[in-house]
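Below is one structure, written out as C-alpha cells; the observations come after it.
Number of protein chains: 2
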Amino acid sequence: MKRVQRIGALMEILSGSPNKVFSLSEFCSLFGAAKSSVSEDLAQAREITRLTGLGKIETISGVTGGVRYVPFISEERAAQCQEKLCRKLREKNRVLGGGFLYTSDIMFHPAIVKEMAQVFARKFSDCGADYIVTIETKGIPLALKTAELLNLPSVVVRREAKISEGATMSINYLSGSSERMQKMSISKRAALSGSRALIIDDFMRGGGSVRGISDILSEFDTEVIGIGVAIANISPEKKKVSDYCPIVYLGHVDEETKEIEVFPNNQIFQKSAL
Amino acid sequence: MKRVQRIGALMEILSGSPNKVFSLSEFCSLFGAAKSSVSEDLAQAREITRLTGLGKIETISGVTGGVRYVPFISEERAAQCQEKLCRKLREKNRVLGGGFLYTSDIMFHPAIVKEMAQVFARKFSDCGADYIVTIETKGIPLALKTAELLNLPSVVVRREAKISEGATMSINYLSGSSERMQKMSISKRAALSGSRALIIDDFMRGGGSVRGISDILSEFDTEVIGIGVAIANISPEKKKVSDYCPIVYLGHVDEETKEIEVFPNNQIFQKSAL
Numbered sequence: 001m002k003r004v005q006r007i008g009a010l011m012e013i014l015s016g017s018p019n020k021v022f023s024l025s026e027f028c029s030l031f032g033a034a035k036s037s038v039s040e041d042l043a044q045a046r047e048i049t050r051l052t053g054l055g056k057i058e059t060i061s062g063v064t065g066g067v068r069y070v071p072f073i074s075e076e077r078a079a080q081c082q083e084k085l086c087r088k089l090r091e092k093n094r095v096l097g098g099g100f101l102y103t104s105d106i107m108f109h110p111a112i113v114k115e116m117a118q119v120f121a122r123k124f125s126d127c128g129a130d131y132i133v134t135i136e137t138k139g140i141p142l143a144l145k146t147a148e149l150l151n152l153p154s155v156v157v158r159r160e161a162k163i164s165e166g167a168t169m170s171i172n173y174l175s176g177s178s179e180r181m182q183k184m185s186i187s188k189r190a191a192l193s194g195s196r197a198l199i200i201d202d203f204m205r206g207g208g209s210v211r212g213i214s215d216i217l218s219e220f221d222t223e224v225i226g227i228g229v230a231i232a233n234i235s236p237e238k239k240k241v242s243d244y245c246p247i248v249y250l251g252h253v254d255e256e257t258k259e260i261e262v263f264p265n266n267q268i269f270q271k272s273a274l
Numbered sequence: 001m002k003r004v005q006r007i008g009a010l011m012e013i014l015s016g017s018p019n020k021v022f023s024l025s026e027f028c029s030l031f032g033a034a035k036s037s038v039s040e041d042l043a044q045a046r047e048i049t050r051l052t053g054l055g056k057i058e059t060i061s062g063v064t065g066g067v068r069y070v071p072f073i074s075e076e077r078a079a080q081c082q083e084k085l086c087r088k089l090r091e092k093n094r095v096l097g098g099g100f101l102y103t104s105d106i107m108f109h110p111a112i113v114k115e116m117a118q119v120f121a122r123k124f125s126d127c128g129a130d131y132i133v134t135i136e137t138k139g140i141p142l143a144l145k146t147a148e149l150l151n152l153p154s155v156v157v158r159r160e161a162k163i164s165e166g167a168t169m170s171i172n173y174l175s176g177s178s179e180r181m182q183k184m185s186i187s188k189r190a191a192l193s194g195s196r197a198l199i200i201d202d203f204m205r206g207g208g209s210v211r212g213i214s215d216i217l218s219e220f221d222t223e224v225i226g227i228g229v230a231i232a233n234i235s236p237e238k239k240k241v242s243d244y245c246p247i248v249y250l251g252h253v254d255e256e257t258k259e260i261e262v263f264p265n266n267q268i269f270q271k272s273a274l
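The listed protein sequences correspond, in order, to chains A and B.
Quick note, the first sequence lines up with residues 1 to 274 if you use the UniProt record's numbering.
Quick note, the second sequence lines up with residues 1 to 274 if you use the UniProt record's numbering.
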C-alpha cells in the first residue's frame with residue numbers, strides 16, 4: 001500500500017472504532033509496512049484530525065499500548081447541537097396534555113442521538129466509568145451511542161423483572177414529580193459489582209428515576225461517577241440527585257399557546273462544583 | 001490542505017456519516033480546493049475503501065447528487081460475526097428456567113451490536129425502507145445502529161401506551177409461543193403513513209411480536225419490506241410471519257446439561273425466494 005492509502009485506511013479504521021486501542025504491530029501486518037513507516041503515517045493522521053476537529057489520535061505507552069481515536073466535539077459544534085435540540089423541542093405540536101412533550105422522534109433519531117452522545121463522550125471522556133447504565137426505554141439509544149463512543153459496555157435497568165433477565169434485584173422508588181411508587185429491576189448477571197457507572201437518560205424532572213438507579217447500583221457496590229441527561233426540567237429546582245449534567249433545560253410549557261421554553265446548558269463542559 | 005490530508009479527512013468525514021450524501025462543493029469549500037482536485041481525492045478514497053473492505057464510496061449523479069459512504073461487511077467477516085455470536089450464545093451460564101437464555105449483555109454491548117447491524121445494513125441496503133421499526137426493549141440498540149448505518153429514522157413500538165407518546169394506536173395480539181394475549185401501541189405522531197418499514201428485533205420464537213408490528217403498521221398503510229432478527233428459534237417451525245432473516249438460529253436448549261444449540265444462518269445474504 002502506498003503512503004496516502006495507508007493514512008486514509010488509518011483514518012477509516014481508527015475513527016470507525018472510537019476509543020479502541022490498536023497496537024502498532026496490527027497496522028504493520030495489515031499494511032505490510034515497517035514500524036517506522038506506520039509511526040510516520042500516524043503522525044500525519046494526527047495532523048489530519050487536528051484539521052477536521054472531529055477527533056484526536058492519542059498514543060498509549062506501555063506493553064498494552066498503542067493508538068486510539070477519541071471522538072471530539074468542539075464547543076462551537078456542541079453549542080450548535082444544543083441550539084438545534086432547542087429549536088426542535090420548541091415545535092408547538094410537541095405539547096401533550098399535562099405539560100408533557102412528545103420527544104420520541106428525537107430520542108429515536110440516530111443522527112440527533114449521535115450528536116448528543118458526542119457531547120456526553122467529551123464531557124465524560126476521563127470519568128473512568130466501567131459501564132454506562134440507563135433505564136428503559138427512551139434513553140437507550142443515547143446511552144448506547146455514548147457507550148459506543150467511549151468503548152464501554154452498557155446495562156439497561158428494566159421497569160419490570162422479565163423472565164429473560166434471570167435473577168434480578170428490584171427496588172420500589174418514588175418518582176420525583178408525582179410521588180407515585182414505581183419499580184425497577186436489574187439482572188444479577190449484569191455483573192456490576194465494585195465498579196463505576198455513568199448514568200445516561202433522556203429526561204429528568206425530579207430525579208427520582210436516576211436516584212433509583214443510583215440506589216439499586218449501590219446494592220452491587222457500584223459507584224455512580226456521572227449523570228448525563230438530554231433534557232432536565234428546571235422545576236422542581238430541588239432534584240433527588242445533586243450532580244447531573246443536562247444538554248438542555250426545559251422551562252415552562254404553556255398548554256394554551258403551545259409555547260415551550262427551552263434553553264441550552266451553557267456550563268456543559270465546566271467542571272462540576274461538587 | 002495538502003492532498004494526503006484532504007484524502008484522510010475525506011475518509012474520516014465520509015465513514016463517520018454512513019449513507020449520508022455529501023455534495024462535491026461541500027468538500028471544495030471545506031478544503032479550499034477545486035472540484036477537479038476533490039474528484040481526484042475521491043477516486044483515491046474509493047481505492048482505499050477497496051483495500052480495507054470496510055465500505056464503499058458511491059457517486060450519486062443528478063442535481064441532488066454527491067458522494068456517500070456505504071458500510072460494507074464481507075461474507076468472511078459476516079461469518080466471523082455469526083460464529084462469534086454463536087460462541088457467546090453457547091456459554092452455559094446463559095441458560096435460565098423455561099429454556100430462556102440470558103442475552104441482555106449481548107444485545108446491550110455496542111461492539112457486538114455494531115457487527116450485527118453491519119450484517120443487516122448489507123442485507124437490507126437496497127430494500128428502500130423509509131423507517132426502521134422495533135418493539136421495546138432489547139432490540140432497540142440493534143435497530144438504532146442499523147438505522148444509523150442506513151441513515152434512516154426509527155420508530156419504537158411500546159408495550160404500553162405512555163402519556164409521553166400522545167395519541168396512540170394500540171392492538172392486542174397473541175404471542176406466537178404462549179398464545180398469551182399481549183398489547184402493543186404506537187404513537188400517531190410517529191407519522192408512518194404510506195411508507196415502507198424494515199422491522200429489526202433481537203429475538204423471534206413464534207413470530208407473534210413481529211406479526212403484531214406488521215398488523216399495527218398496516219393501520220397506517222405502512223408496508224413491511226423486510227424483517228431482520230438477531231436470533232430466531234428453530235421451533236416452532238411455522239412462524240406467524242413468512243419472510244424473515246435471522247443472523248443465527250437457536251435450536252435445543254438443554255436445561256440439565258446446559259448445552260445450547262446455536263448455528264449461523266448460512267443463507268443470510270441470499271435473496272429470499274418470496
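Note that beta-carbon positions come from the ideal geometry of N, C-alpha and C, so glycine has one too.
Backbone secondary structure at residue i - three-state DSSP
i, result
"Met204/A", "strand"
"Ala273/B", "Here Ala273/B scores only 44 on pLDDT, less than 50, and its place in the model should not be relied on; the value that follows carries that caveat. Of the three classes helix, strand and coil, the one that applies to Ala273/B here is coil, per DSSP."
"Leu24/B", "helix"
"Phe120/B", "helix"
"Pro141/A", "helix"
"Leu101/B", "strand"
"Val241/B", "coil"
"Leu51/B", "helix"
"Ile106/A", "helix"
"Lys258/B", "coil"
CB contact check: residue i to chain B, cutoff 8 Å
i, result
"Lys84/A", "no"
"Phe108/A", "yes"
"Phe27/A", "no"
"Arg205/A", "no"
"Lys70/A", "It should be noted that the sequence gives Val, not Lys, for residue 70/A. Answer no: the Cβ-Cβ gap between Val70/A and chain B never drops below 8 Å."
"Val241/A", "no"
"residue 277/A", "Any answer about residue 277/A is impossible in this case: the structure gives chain A only from 1 up to 274."
"Tyr249/A", "no"
"Ile140/A", "yes"
"Ala117/A", "no"
"Lys56/A", "no"
"Gln44/A", "yes"
"Tyr102/A", "yes"
Selection from the options that minimises the alpha carbon distance to residue i
i, options, result
"Ser214/A", "Val63/A, Gln82/A, Leu96/A and Arg196/A", "Arg196/A"
"Ser104/A", "Val157/B, Phe120/B and Ile57/B", "Val157/B"
"Thr134/A", "Arg122/A, Ala147/A and Glu47/A", "Ala147/A"
"Thr257/B", "Leu96/B, Ser193/B and Lys162/B", "Leu96/B"
"Ala230/B", "Lys271/B, Lys145/B, Gly194/B and Asn151/B", "Lys145/B"
"Ala121/A", "Glu237/A, Arg159/A, Val21/A and Val70/A", "Val70/A"
"Ser264/A", "Val4/A, Glu223/A and Cys86/A", "Per the sequence shown, the amino acid found at residue 264/A is Pro instead of Ser. When each option's Cα is compared against that of Pro264/A, the closest is Cys86/A."
"Cys81/B", "Glu259/B, Ala111/B and Thr137/B", "Ala111/B"
"Ser185/B", "Glu179/B, Leu217/B and Gly194/B", "Leu217/B"
"Ile171/A", "Glu165/A, Gly62/A and Met181/A", "Met181/A"
"Phe100/A", "Cys28/B, Ile106/B, Ile163/B and Glu219/B", "Ile163/B"
"Ser235/B", "Glu219/B, Glu261/B and Glu223/B", "Glu261/B"
C-beta neighbour in chain A for residue i, strict 8 Å
i, result
"Ile216/B", "no"
"Lys114/B", "yes"
"Phe120/B", "no"
"Glu136/B", "yes"
"Ala273/B", "Model confidence at Ala273/B stands at a pLDDT of 44, short of 50, so the residue's coordinates are unreliable and nothing is read from them."
"Thr64/B", "no"
"Glu165/B", "yes"
Under 8 Å between C-beta atoms of residue i and residue j
i, j, result
"Leu142/A", "Asp202/A", "yes"
"Leu192/A", "Val253/A", "no"
"Ile73/B", "Gly8/A", "no"
"Leu10/A", "Asp41/A", "yes"
"Gly16/B", "Leu51/A", "no"
"Val4/A", "Gln44/B", "yes"
Residues near residue i by beta carbon distance below 7 Å, same chain, minus five either side
i, result
"Ala167/B", "Lys188"
"Val241/A", "Gly207, Val210, Arg211, Ser214 and Ile227"
"Asn151/B", "Pro18, Asn19 and Lys20"
"Glu115/A", "Cys81"
"Ala273/A", "Any reading at Ala273/A must be qualified, since the residue scores a pLDDT of 44, below 50, and its modelled position is unreliable; no value is offered."
Chain-order list of residues whose beta-carbon lies under 6 Å from that of residue i (same chain, five-residue window excluded)
i, result
"Phe124/B", "Leu198 and Gly226"
"Asn233/A", "Arg205 and Leu250"
"Gly194/A", "Asp221"
"Lys92/A", "Lys258"
8 Å CB neighbourhood of residue i in its chain, flanking five on each side removed
i, result
"Glu26/B", "Gly66"
"Ala129/B", "Leu150, Leu152, Arg196, Ala197, Leu198, Ile225 and Gly226"
"Ala117/B", "Leu142, Lys145, Thr146, Glu148 and Leu149"
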